[in-house]
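Residue numbering for the sequence shown follows the numbering used here, beginning at 93 and increasing consecutively.
In what follows, a structure is listed as structure tokens, so that the remarks can point back to it.
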Amino acid sequence: MLMISDLLELARGGGVPGPASEAGRGRYSTNASPVIVWNVINHCNMSCPHCYAAAIHKPDPDDLTGEEGRKLLKELAGLEVPAVIFSGGEPLLRKDIFDLIAYAKELGHRPHLSSNGVMIDRDTARRLREVGIDYVGISIDGMPGFNDEYRGYEHGFERAFRGAEYCLEEGLKVGIRMTVSKKNRDQFDELLDHVIALKIPRFYVSHLVYAGRAHEDHGYDLSPEENREMVRHIFERADALLDQKSATRIVSGANDADGPFLYFYALERHGELGARRLLNRLKARTGNTAGERILNIDNRGNVHPDQFWSEACLGNVRHSSFTEIMKNPLLEQLRHREDYLQGKCGSCRFKPACRGSHRERSLAVGTGLWGSDPSCYLTESEVQGVSPWDARVAQS
93 MLMISDLLEL
103 ARGGGVPGPA
113 SEAGRGRYST
123 NASPVIVWNV
133 INHCNMSCPH
143 CYAAAIHKPD
153 PDDLTGEEGR
163 KLLKELAGLE
173 VPAVIFSGGE
183 PLLRKDIFDL
193 IAYAKELGHR
203 PHLSSNGVMI
213 DRDTARRLRE
223 VGIDYVGISI
233 DGMPGFNDEY
243 RGYEHGFERA
253 FRGAEYCLEE
263 GLKVGIRMTV
273 SKKNRDQFDE
283 LLDHVIALKI
293 PRFYVSHLVY
303 AGRAHEDHGY
313 DLSPEENREM
323 VRHIFERADA
333 LLDQKSATRI
343 VSGANDADGP
353 FLYFYALERH
363 GELGARRLLN
373 RLKARTGNTA
383 GERILNIDNR
393 GNVHPDQFWS
403 EACLGNVRHS
413 SFTEIMKNPL
423 LEQLRHREDY
433 LQGKCGSCRF
443 KPACRGSHRE
453 RSLAVGTGLW
463 GSDPSCYLTE
473 SEVQGVSPWD
483 ARVAQS
């Protein structure tokens with residue numbers, strides 16, 4: 093996740109929490125235990141074409157039971173896991189979801205909810221507050237006509253935003269998430285404007301990851317040229333919102349090339365000093381951290397490096413302790429991924445800030461685990477040359 097608005101504020105001479113601060117510790121610390129994305133259910137009431145979980149319309153009888161879930165949460169608490177993101181499928185379809193969230197909170201986790209929003213009525217929003225949810229992320233991919241057909245749910249746009257408003261009324265932190273592609277890039281501005289009008293504090297723009305339903309069918313991903321145009325426009329909107337002192341902050345995810353590209357944008361718009369501050373923060377952030385600062389547990393207890401990487405199973409919590417699973421050799425490789433990257437990613441001078449982005453995409457297009465991410469949109473001239481963190485460059 094790239095905190096675009098925060099980083100631009102830093103480049104403009106403002107400030108965001110530093111690596112040593114309480115607020116920034118989880119994002120920037122190299123010693124932090126991983127955040128866990130737990131797909132508590134693979135049952136969903138929508139049929140989104142880009143669903144990384146390839147969720148289905150009926151319950152899976154092999155879901156972790158409530159007892160197994162509580163045991164898992166207790167073990168994660170012993171490992172000082174800071175946050176658990178309850179995801180799906182649609183997690184609110186799980187009958188004991190509020191009990192699990194409350195138990196996670198009791199154990200000291202920060203519980204987040206990733207939902208499509210359509211099941212959140214006033215009572216549900218109140219219960220989410222009562223059980224201690226820290227953040228509610230709601231996925232919406234465009235304006236009503238597009239969104240409802242694309243996600244396969246009539247009146248989905250209206251109900252999802254109503255759910256977001258109910259959460260705001262309860263004092264919950266709320267964000268709207270859009271996965272951008274060729275199919276809906278023309279929806280971005282109008283959707284963002286709607287988010288701003290409702291004073292929703294976060295707008296999360298995700299790139300398409302070639303996982304789940306998009307593993308084979310990803311031809312609608314933006315081309316490198318389209319990506320550059322789209323991402324630059326996102327930066328411009330974020331900059332304008334800072335000028336307007338808007339309550340809405342923009343973040344992006346699922347393509348770590350956004351970080352170096354934001355550096356070039358800041359260099360052009362806000363000067364070398366501001367861009368240098370931003371660049372050093374990017375290095376502290378360290379790009380993609382799948383298998384390090386984030387791990388995924390699916391509805392059947394299989395553990396993966398992140399929620400998109402279902403093909404890499406590190407173990408199962410029904411059969412092994414989480415501590416044992418964390419010893420999987422792939423995780424050791426991921427901790428040193430810069431040494432393994434090949435092609436464009438291997439020679440890129442921004443490796444410390446990107447770390448090859450998403451391995452799922454390189455695997456999906458057949459270039460192997462350590463091949464270049466096909467969604468990188470940086471040009472050859474941008475990625476080649478001396479590392480921008482080289483001491484001689486920093487002093488020039």
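Idealized CB from N, CA, C, for every residue including glycine.
Chain-order list of residues whose beta-carbon lies under 8 Å from that of residue i (same chain, five-residue window excluded)
i      : result
Gly263 : Arg221
Arg441 : Val475, Gln476, Gly477, Val478, Ser479, Pro480
Asp154 : Asn391, Arg392
Met235 : Phe249, Gln279, Glu282, Leu283, His286
His204 : Ala175, Val176, Ile177, Phe178, Ile225, Asp226, Tyr227, Val228, Gly229
For residue i, three-class secondary structure by DSSP
i      : result
Tyr64  : Residue numbering for the chain in the displayed model covers 93 to 488; residue 64 lies beyond these limits and cannot be assessed.
Phe295 : strand
Val475 : helix
Asn319 : helix
Asn388 : strand
Gly106 : coil
Val127 : strand
Leu94  : strand
Gly234 : coil
Ile212 : coil
Arg218 : helix
Ile133 : coil
Ala382 : strand
7 Å CB neighbourhood of residue i in its chain, flanking five on each side removed
i      : result
Asn339 : Contrary to the premise, residue 339 reads as Ala rather than Asn in this sequence. So the qualifying residues of the chain are Lys291, Pro293.
Asp97  : Sequence inspection shows Ser at residue 97; the Asp mentioned does not correspond to that position. Ala330, Leu333, Leu334, Arg341, Ile342, listed in sequence order.
Asp348 : Gly379, Asn380, Cys446, Arg447, Ser449
Arg219 : Phe190
Asn239 : Ile232, Asp233, Gly248, Phe249
Val323 : Asp350, Phe353
Chain-order list of residues whose beta-carbon lies under 6 Å from that of residue i (same chain, five-residue window excluded)
i      : result
His362 : Ala103, Arg104
Ser139 : Gly244
Anticipated Cβ contact below 8 Å, residue i with residue j, distance rounded
i      : j      : result
Asn380 : His450 : 7 Å
Gly463 : Leu426 : About 15 Å; that fails the 8 Å criterion.
Leu470 : Phe327 : Not confirmed; about 14 Å, so no contact.
Leu99  : Arg368 : That belief does not hold up - the Cβ atoms of Leu99 and Arg368 are roughly 12 Å apart, past 8 Å.
Ile177 : Val127 : 7 Å
His142 : Ala306 : 5 Å
Ser179 : Asn131 : 5 Å
Gly161 : Gly209 : About 23 Å; that fails the 8 Å criterion.
Ser273 : Asp313 : 6 Å
Report the residue ranges of all alpha helix (DSSP H) runs contained in full by the region 140-205; include only those spanning at least 4 residues, in chain order.
The qualifying runs are 158-170, 189-199.
Any chance the region 437-456 sits against the region 298-309, with 3 or more Cβ pairs inside 8 Å?
yes
Which full runs of the alpha helix (DSSP H) of 4+ residues lie inside the region 391-468, going along the chain?
Fully enclosed alpha helix (DSSP H) runs of 4 or longer: 414-417, 421-427, 435-439, 443-446, 451-456.
Minimum length 3: unbroken beta strand (DSSP E) runs contained in the region 241-278
Correct list: 265-271.
Using a Cβ distance threshold of 8 Å, determine whether the region 266-273 contacts the region 223-238, with at least three qualifying pairs required.
yes
With three or more beta-carbon pairs closer than 8 Å as the criterion, would you say the region 193-204 touches the region 420-440?
no
Inter-stretch contact (C-beta, 8 Å, three-pair minimum) for the region 404-419 and the region 161-180:
yes
Just list the alpha helix (DSSP H) runs in the region 307-363, keeping only unbroken ones of 4 residues or longer that don't cross its boundaries, in chain order.
316-335
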